[in-house]
Every structure is written in C-alpha cells, then in structure tokens.
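Data first, discussion second: the structure below is written as structure tokens.
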Amino acid sequence: MAPSHNAHVLVASNRGPVSYEVQDDGSLKPKRGGGGLVSGLSAIGPEADALWVCSALSDGDREAVRQGVGEDGVRMLPIPADVHADAYNGIANSVLWFVHHLLYQTPLEPSFDAEFRRQWASYETYNRAFAEALAQEAAEGAAVLVQDYHLCLVPGMLRELRPDLRIAHFSHTPWAPVEYFRMLPDDIRAQLVWGMLGADRLGFLTWRWAFGFMACANEIDAERIQVYSPVPSEPKSIEHTATGVPPLRTTWIGVHGLGADAEFLRARSHEADVEERIVALREEIGAGRKTIVRVDRTELSKNIVRGLHAYRRLLESRPEWRERVVHVAFAYPSRQDLAVYRDYTAEVQRVAQEINDTFGTPGWTPVLLNLKDDFARSLAAYRLADVALVNPIRDGMNLVAKEVPVVSDEGCALVLSREAGAYEELGEDAIVVNPYDVEQTAAALHEALTMPAHERAERAKRLAAAATALPPAQWFLDQLNALKALNG
C-alpha cells in the first residue's frame, strides 16, 4: 500500500491527545490531554513530521471527523460506535484486561461463546482500521509506535500492508502468566501473539511482564517461534517465521519503566487551586491527625475494597489509632458503562460508610471518600500524605506510587503491593505487602504510621529519585530511538 502522507513518526492509540465536545450553539470545543505520549511527541519537535492516529470516541469526536475539523498531526478514525463498543468494552476491557490482571472468577467466567466470537470480529475490524490508516499515512521506512492491549493485532496487520515500516508495540499493562493466558481459546492466543510479533520491537514496563509475554509466545508454536533469553545483561529477542520456512524475522524485547514527571508535579502541586484544597482537606481531617492517602480509579485491579478492609482491621486491632488517623481515599469512577464496575464502585462506598458508621465520632470521620475526579484535590492529598497506600492486585506500573513521594511535603511512607510494576523500582524503600493479605496490610499501615520522621523522609527521597528516573518525555524518546536503531 503506497503512502498518501509523509509522516515519519506515527503513534497509534485508542485515545488521542485531543477530544471534542459539542457546545450548545453546535460549535466544537477541543480539550487537550496529557501524559507520556503527549510529552514525548512534543519533545521530538515539529520537524519530526509526526502523526497521532486514534479513535473518535465521543459524539463530539465523530462530529469533528464529519466536519473535517481537527488538529495538525492528529487523525481520528470514525470507527462505528457499535464496533468500537464491542472491541473496547467487549474484548479489550472485559477479556484482555481481565486476563492480564488475573481478575476472572474462574468457576463462573470466562465463557467464550458465540457472543465472544462476534465481539472478537469487531476487535479485528477495529485493529484493521488502525493498520490501514497507519499504512496510508506513513512515509517510506517510518517509525510506528503502537500502544497497548487495545491494538495487539495492529503490528501483524500493518507488517503485511507495509513491510518497509519500523514497528513497535508497547504494553502499558502486565502480561498474563502462561497458565492464565491459556484460558483464551487456542486460536485467539495464537492470533494475539502473532499480531504482536509483527513488531520489530516490543516494549514492556518491567522485565516480569516482558518475560510473561516471551513464555506465552514460546508455547504457541515451538517450531516457528524461538525465544532467546540469555543472561540478564544481554538483549532479549524472539525469532519467528509465520510461514514455517526461513527467513526468520526477529522481534526485539525492551523494558521502559515509565516514571513520574517531577518538574510538572512539583510546580502544579503548588498552584492556587491546590493550596485552596489543602486548606479544605486539613479542616476535614482535623488538627494533629495522620493521613493514609490513596488515589485510584474504581478499577477492579486497584484493590480498593481490600485496602478499606485493611484500614478497618487497623482500627480494630490498634485502637490507639482511633481519632488519630484519617484514610483519605479518592476512588474516581471508571468504566461505569460496565455493570461489574458499577457494582464495585457501590461496594467501595458501602465499605467506607460501614467503617464510618462503626468507628466514627462527632469530631472524626475515619474515611474521607471522594468519588469525583479532581486532580487538584488529589495533589493536595499527595502533599498531606503521611502514608501512601498502593495495593493493586496487579498493575503494569502504578504511577500513584511514584507520584506521592515526589509531591508529599514532609515525605511519606509507601505501602506497596508486590504485584505492582512499580515494586521492581521502589520495593527496597517501600513497605511491601501481598495485596490479598488484609492482616499483613493492616500491620504494614501501622508500621508506616509509626515510622520515625527522619527515616520516612530519607526513604521518600530515595523513592522520589527512583520514581523520576525515566520521566515521560524521555520514556517515549528512548523507545523511539531504540526502534530507529534497529535499522541503523
């Protein structure tokens, strides 16, 4: 397929850097997004001739495509809403996310029936739309960076359309262990692995997740896929041939542990709206009390309910903390169009209210639960945190674990799940817990609350240094440079 555009660097992701909202007068209001990819593309400069390919997610986005409204360097794909819903909610968020985060209640789910197959066809259609757009827009030999579990099939599809391109795929999630990945139908497992192997380079947040993919690939077809995993200091690669005969292609494996943007966070956390929220939060907490802070989406993998149970257990087993500590818990709604997420949000609210009803006094609310997304309020909580609680069941990285030590005014203690990707970088200075062990987590909260101030401050300094080692712009550029280096 011949290129119609001249983009030399392309990013593909479900969500783009801009979205549109239809105003009352019919006009379209753009809203800019943020994050590592936005920072990265900004860092390479306009001379790089970059293009971002993404889905038109909202009615406003689709109207912008219909009107031909858009920003330079962004192409939105008007994928039909029903196809996107099947691919995004039906497959990406209800199957692939569950597999990689080990979320299934296996006596009851999954059940891969005819409806699953119908939705999988939409996932293929959705990925093919991206592959065709990238093939059309890319200059000869361009670098293409495909993002995340929504687009696992794109590298293979794009490779068939444009074998001249340099293609990378980055996984922002964990990768499932072999035993869990086997739950997927055999042909679907193979399709996912071969789709990923269409890339010249696969990126992961930690070596644990990278090795997970390599183990799954190794099991798909031993005759056509050869996984090379030599000593830790040497490069990792997978050699493969889709046809069963030479020549072999090589897919290289790399790890890029996304870090916090220290400069942005420290500046933003001292702006006026954050200062206002600090005053309000201090009043809600009450003078002289310690704070345990968590900031999460109400995502099943974040383990908010067990975190609340651990806090309740702390108050039961250590009554000296009653009226002396407040759990500031921000649980922002996520994927509320899925019933299981609505139920989970309701359970978070129920448990928090139960703790307040059981232990609360006229002058003390044990849990301050906030369900409204408010970034300034989150930053205010970061600054006031004595303890940060980050206890996911499983997490690709978890940037909250990295952000709180960077922002906290006095330095915070970090209670961290060993199943978070951030554990590999931060585990030495965190108090590490098994996310399923409520008793251990309660004990860890006590240990964190009683940690001497000087030790807490020293640990927080080391945590902040590790957390900011690879800021978002550099994280993106490192991947781009590594991809370009493969072909000289």
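Each residue of the sequence shown is one higher than the last, beginning at 2 in our numbering. A virtual CB, placed ideally from N, CA and C, is assigned to each residue, including glycine.
Bounding residues of the alpha helix (DSSP H) (the contiguous stretch that carries residue i)
{"i": "Cys217", "result": "Trp208 to Ile221"}
{"i": "Ser318", "result": "Ile305 to Ser318"}
{"i": "Ala122", "result": "Ala115 to Glu138"}
{"i": "Gly287", "result": "It is not in any alpha helix (DSSP H) - Gly287 carries neither H nor E in the DSSP assignment."}
{"i": "Gln192", "result": "Asp187 to Leu198"}
{"i": "Leu266", "result": "Ala263 to Arg269"}
{"i": "Val100", "result": "Trp98 to His102"}
{"i": "Glu224", "result": "From DSSP, Glu224 is part of no alpha helix (DSSP H); its letter is neither H nor E."}
{"i": "Tyr181", "result": "Val179 to Phe182"}
Endpoints, beta strand (DSSP E) assigned at residue i
{"i": "His170", "result": "Arg167 to Phe171"}
{"i": "His151", "result": "Looking at the DSSP string, His151 is not in any beta strand (DSSP E), and its letter there is neither H nor E."}
{"i": "Trp53", "result": "Ala51 to Ser56"}
{"i": "Trp253", "result": "Arg250 to Val256"}
{"i": "Arg298", "result": "Lys291 to Arg298"}
{"i": "Val12", "result": "Ala8 to Ala13"}
{"i": "Glu240", "result": "Lys237 to His241"}
{"i": "Tyr21", "result": "Val19 to Val23"}
{"i": "Ala389", "result": "Val388 to Val391"}
{"i": "Gly260", "result": "Here Gly260 belongs to no beta strand (DSSP E), and DSSP marks it neither H nor E."}
{"i": "Gly204", "result": "Arg202 to Phe205"}
CA nearest to the CA of residue i, picked from the options
{"i": "Pro175", "options": "Leu471, Ala467, Gly422 and Leu450", "result": "Gly422"}
{"i": "Ala445", "options": "Val39, Ala431 and Gln337", "result": "Ala431"}
{"i": "Leu417", "options": "Thr442, Val349 and Val96", "result": "Thr442"}
{"i": "Gly41", "options": "Leu135, Pro18 and Arg325", "result": "Pro18"}
{"i": "Asn90", "options": "Ser335, Gly397, Arg460 and Ala13", "result": "Ser335"}
{"i": "Ser28", "options": "Leu166, Gly61 and Ser14", "result": "Gly61"}
{"i": "Glu285", "options": "Glu300, Arg269, Glu324 and Gly255", "result": "Glu324"}
{"i": "Leu372", "options": "Leu154, Ala386 and Arg351", "result": "Arg351"}
{"i": "Arg313", "options": "His85, Ile92 and Thr359", "result": "Thr359"}
{"i": "Leu315", "options": "Ala377, Glu440, His170 and Tyr105", "result": "Glu440"}
{"i": "Pro473", "options": "Glu321, Gly36 and Ala347", "result": "Gly36"}
{"i": "Ala211", "options": "Gln192, His170 and Ala191", "result": "His170"}
{"i": "Leu38", "options": "Ser14, Glu138 and Asp50", "result": "Ser14"}
{"i": "Arg250", "options": "Gly199, Phe214 and Leu390", "result": "Gly199"}
{"i": "Arg290", "options": "Asp344, Asp387, Asp438 and Lys237", "result": "Asp387"}
{"i": "Asn7", "options": "Ile45, Ala461, Lys303 and Ala139", "result": "Ala139"}
{"i": "Leu464", "options": "Leu301, Cys413 and Thr242", "result": "Cys413"}
{"i": "Ile394", "options": "Arg419, Asp114 and Gln480", "result": "Arg419"}
{"i": "Ala288", "options": "Leu266, Gly364, Glu321 and Ile254", "result": "Gly364"}
{"i": "Ala466", "options": "Thr346, His447 and Val408", "result": "Val408"}
{"i": "Asp1", "options": "Gln192, Ile254 and Gln475", "result": "Here the chain comprises residues numbered 2 to 489, so residue 1 is not present and cannot be evaluated."}
{"i": "Ile356", "options": "Pro320, Asp396, His310 and Glu321", "result": "His310"}
{"i": "Ser318", "options": "Ala216, Pro248, Val194 and His447", "result": "His447"}
{"i": "Leu11", "options": "Ala86, Gln137 and Glu300", "result": "Gln137"}
{"i": "Asp73", "options": "Leu266, Glu459, Asp410 and Pro47", "result": "Pro47"}
{"i": "Val434", "options": "Glu426, Leu415 and Met452", "result": "Leu415"}
{"i": "Leu400", "options": "Asp374, Thr469, Gly361 and Ala353", "result": "Thr469"}
For residue j and residue i, believed in contact at Cβ under 8 Å, the rounded distance
{"i": "Arg76", "j": "Leu52", "result": "6 Å"}
{"i": "Ile189", "j": "Trp121", "result": "7 Å"}
{"i": "Ile499", "j": "Val368", "result": "The structure shown has nothing for residue 499, since the chain only spans 2 to 489."}
{"i": "Leu484", "j": "Arg167", "result": "5 Å"}
{"i": "Ala93", "j": "His151", "result": "5 Å"}
{"i": "Ala381", "j": "Ile239", "result": "Actually they are not in contact, since the Cβ atoms of Ala381 and Ile239 sit about 46 Å apart, beyond 8 Å."}
{"i": "Gly308", "j": "Asn392", "result": "5 Å"}
{"i": "Ser123", "j": "Ala88", "result": "5 Å"}
{"i": "Leu154", "j": "Gly213", "result": "With a Cβ gap of about 19 Å, Leu154 and Gly213 do not count as contacting."}
{"i": "Ala130", "j": "Leu78", "result": "5 Å"}
{"i": "Ser302", "j": "Arg384", "result": "The pair is not a contact, with the Cβ atoms about 26 Å apart (cut-off 8 Å)."}
{"i": "Leu339", "j": "Ser20", "result": "With 8 Å as the limit, Leu339 and Ser20 do not qualify as a contact, their Cβ atoms being about 20 Å apart."}
Cβ of residue i within 9 Å of any chain D Cβ
{"i": "Gly422", "result": "No chain D appears in this structure, which consists of one protein chain only."}
*Kindly confirm or deny that the region 56 to 63 and the region 95 to 106 touch, where touching means at least three C-beta pairs closer than 8 Å.*
no
*asked:* Across the region 291 to 298 and the region 322 to 330, are there enough close Cβ pairs to call them in contact, namely three or more that are closer than 8 Å?
replied: They touch, by the three-pair rule.
*Can at least three beta-carbon pairs, one atom from the region 140 to 153 and one from the region 223 to 230, be found at a separation below 8 Å?*
no
*On the three-pair Cβ rule with 8 Å, is the region 270 to 289 touching the region 481 to 488?*
Taking 8 Å as the limit for Cβ pairs, the verdict is that the region 481 to 488 does not touch the region 270 to 289.
*Hey, which unbroken runs of the alpha helix (DSSP H) at 4 residues or more fall wholly within the region 397 to 474?*
You should have 401 to 408, 424 to 427, 439 to 450 and 454 to 468.
*Per the contact definition of three or more C-beta pairs closer than 8 Å, is the region 153 to 169 in contact with the region 20 to 27?*
no
*Count the C-beta pairs between the region 102 to 116 and the region 195 to 211 that are closer than 8 Å, then say yes if the count reaches three, no if not.*
no
*Ranges of the alpha helix (DSSP H) found wholly within the region 27 to 81, counting only runs of at least 4*: Those alpha helix (DSSP H) runs which fall completely within the region 27 to 81 and span 4+ residues are 37 to 45 and 60 to 68.
_Does the structure place the region 395 to 407 close enough to the region 250 to 263 that three or more beta carbon pairs sit under 8 Å?_
yes
*Please go through the region 305 to 386 and give each complete beta strand (DSSP E) segment of 3 or more residues, from N-terminal end onward.*
Fully enclosed beta strand (DSSP E) runs of no fewer than 3 residues occupy 326 to 333 and 368 to 371 of the region 305 to 386, in order along the chain.
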